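Read the structure below first, then the notes.
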Amino acid sequence: MIIKSDTGIITNTDTPNLIDSQKVSMRKNPVKIAIASGKGGTGKTFISTNLFAILSQQNIPVSLVDCDAEEPNDHFFFIGDLIEEKVVTVRIPSINSESCRFCGKCHEYCNYNAIFYLPMHHQISVLEELCHSCGACLVACGHHAITEKEMNIGHIRTFFIKEGNSFIEARVNIGVYSPVNVIKAAIKEADNQNIILLDSPPGTSCPFIHTVATADYVVLVAEPTPFGMSDFKKSIEVLKKLNKPYGVIINKSTLGNRNLYEYIEQEQIELLMEIPYESEIAVSYSEGKIISDLHPKWHKRFEILYEQIKEKTCK
Ligand code: SF4
Ligand code: SF4
């Protein structure tokens, strides 16, 4: 694995952790662990990249998927060889105005207001940025005036980090209404791994839901601030609805107040880890460095974190 650090290139010299490798390789399907948060900037990427580094050093086959397709930033922490780039496309409708009878049925069927329709002026067109490729307008049109065409909505890039370890980035094109299809394609790309870490998109809307819905376990990262609290509660509601097992990491635990702690105690949510606000963490992160590579204390803490998660996913 090649990681940016003070010391330059780091080569893994650890003895392979055969017990872990064997244990996870016995599974038929990969273990997917989503690292998520109800809002941006809480430290998801910090947790994801450190877990990836720890697992890589233990020679556990693992992929990190950056699912924050609107603003992927995991690549700042790793240098790898680009081995594959795939364009993600969707099929969107195309209206032939010569065959169209301007009946308005397609406009009526479209739940996303993606068909611009002005019957008085015989104007109709598909607003491609709003189209969700649901196909309803094709079904609605009884005059064979709608066909489909491919539209490029983004791409996924796979980087080789070291044997058994890859990093996959989802990136949606600017102006595309939803990154969900790009995220799904990126997660599918990692399917041949034993462990897949999903650095989830922030918030609790569709991109978040589609990412955590595929996970076996969700690590929620939260901050003990009033704003963080409200987003945290929303993400818990989503996870409960999806019936997903989860635990919590409190980042910048020395800031804010005790409300978050009281809430997780009351809801009996497992506290996996606390990360105090420390300037060395902030500085190393801003420089694109992995803290667990720099400080044995953090290396140990992320190893323990992985052990805790493993207990819940390798039963
Ligand atoms: S495919 Fe669906 S979202 Fe797109 S224009 Fe047709 S009905 Fe609307
Ligand atoms: S349903 Fe077909 S015929 Fe009717 S307005 Fe839409 S494209 Fe035209």
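Each residue of the sequence shown is one higher than the last, beginning at -10 in this note's numbering.
Don't be surprised by glycine CBs; every beta carbon is placed ideally from N, CA and C.
Please read these numbers as outputs of a predicted model, since none were measured by experiment.
Using only CA atoms, which one of the options lies nearest to residue i?
| i | options | result |
| --- | --- | --- |
| VAL169 | GLU296, LYS138, LYS28, VAL79 | VAL79 |
| CYS130 | PHE91, PRO215, ALA103, PRO108 | PHE91 |
| CYS195 | ILE142, GLN47, HIS121, SER86 | HIS121 |
| THR34 | PHE156, HIS284, GLU300 | PHE156 |
| GLU269 | HIS144, GLY69, TRP287 | TRP287 |
| HIS110 | ALA125, GLU97, GLY93 | GLY93 |
| THR203 | ASN232, CYS126, GLY192 | ASN232 |
| PHE216 | LEU283, ASN248, SER52, LYS229 | ASN248 |
| ASN62 | VAL51, GLN46, GLU74, GLY32 | GLY32 |
| VAL128 | PRO108, CYS99, LEU116, HIS199 | CYS99 |
| PRO265 | CYS303, ASN102, ALA211, LYS230 | ALA211 |
| VAL272 | TYR166, LEU283, VAL51 | LEU283 |
| CYS303 | CYS89, ASP205, LYS289 | ASP205 |
| ASN18 | ASP180, TYR101, LYS301, SER281 | ASP180 |
| GLU117 | ILE198, GLU296, ASN102 | ASN102 |
| GLN159 | PHE65, CYS95, TYR166, ARG146 | With the sequence shown as reference, residue 159 is identified as Ala, and Gln is not the correct amino acid for it. The shortest Cα separation from ALA159 among PHE65, CYS95, TYR166, ARG146 belongs to ARG146. |
| ILE104 | GLU259, ILE135, LEU44 | ILE135 |
| GLU251 | GLY124, CYS95, THR243, PRO213 | PRO213 |
| GLU300 | LEU261, GLU97, MET218 | LEU261 |
| LYS230 | SER219, HIS199, GLU137 | HIS199 |
| VAL171 | GLN46, GLU60, GLN47 | GLU60 |
| LYS151 | LYS289, GLU263, ALA42, SER281 | ALA42 |
| HIS132 | ALA175, GLU73, ILE84 | ILE84 |
| SER219 | ALA175, ILE253, LYS289, LYS138 | ILE253 |
| CYS352 | GLY124, PRO234, GLU139 | It is not possible to answer for residue 352, since the shown part of the chain is limited to -10 through 304. |
| ASP167 | LEU119, ILE176, GLU139 | Position check: residue 167 holds Ser in this sequence, whereas Asp was assumed. Taking only the C-alpha atoms, the option nearest SER167 is LEU119. |
Starting from residue i, trace the alpha helix (DSSP H) in both directions and tell me its first and last residue.
| i | result |
| --- | --- |
| GLY143 | GLY143 -> not in any alpha helix (DSSP H); beta strand (DSSP E) instead, spanning 135 to 151. |
| ARG160 | That residue, ARG160, is in no alpha helix (DSSP H); its beta strand (DSSP E) goes 154 to 161. |
| TYR295 | 285 to 302 |
| ILE270 | 268 to 275 |
| ALA20 | In the sequence as presented, Ala is not what sits at residue 20; that position holds Val. That residue, VAL20, is in no alpha helix (DSSP H); its beta strand (DSSP E) goes 20 to 25. |
| LEU119 | Note, LEU119: premise wrong, no alpha helix (DSSP H); not H, not E. |
| CYS126 | 125 to 129 |
Looking at residue i: is its Cβ nearer than 8 Å to the Cβ of residue j?
| i | j | result |
| --- | --- | --- |
| PHE291 | LEU71 | no |
| SER86 | ILE49 | no |
| ILE36 | VAL227 | no |
| GLY245 | PHE149 | no |
| ASN141 | ASN154 | no |
| GLY143 | VAL201 | no |
| CYS126 | PRO82 | yes |
| THR193 | GLY27 | yes |
| LEU44 | TYR295 | yes |
| GLN182 | VAL51 | yes |
Could you give the residue range of the beta strand (DSSP E) that holds residue i?
| i | result |
| --- | --- |
| GLN112 | 112 to 115 |
| PHE67 | Careful: PHE67 lies outside any beta strand (DSSP E) and carries neither H nor E. |
| LEU260 | 260 to 264 |
| LEU107 | 104 to 107 |
Can you find a C-beta in chain C that's less than 8 Å from the C-beta of residue i?
| i | result |
| --- | --- |
| PRO82 | Among the chains in the structure shown there is no chain C, since it carries only a single protein chain. |
Inter-stretch contact (C-beta, 8 Å, three-pair minimum) for the segment 19 to 39 and the segment 183 to 191: Yes: the two stretches touch, three or more of their Cβ pairs being nearer than 8 Å.
Three CB pairs or more closer than 8 Å across the segment 222 to 239 and the segment 38 to 58: Note that the segment 222 to 239 does not touch the segment 38 to 58; fewer than 3 beta-carbon pairs, one per stretch, sit closer than 8 Å.
Uninterrupted alpha helix (DSSP H) stretches inside the segment 168 to 250 (no shorter than 4 residues): For the segment 168 to 250, whole alpha helix (DSSP H) runs of length 4 or above, ordered along the chain, are 169 to 178, 195 to 201, 215 to 231.
Sufficient close CB pairs (3 or more, under 8 Å) joining the segment 267 to 277 to the segment 217 to 230: As far as the Cβ criterion goes, the segment 267 to 277 does not touch the segment 217 to 230, which means the pair count is below three.
Whole runs of the alpha helix (DSSP H) within the segment 28 to 94, excluding any shorter than 4 residues: Whole alpha helix (DSSP H) segments, 4+ residues: 33 to 46.
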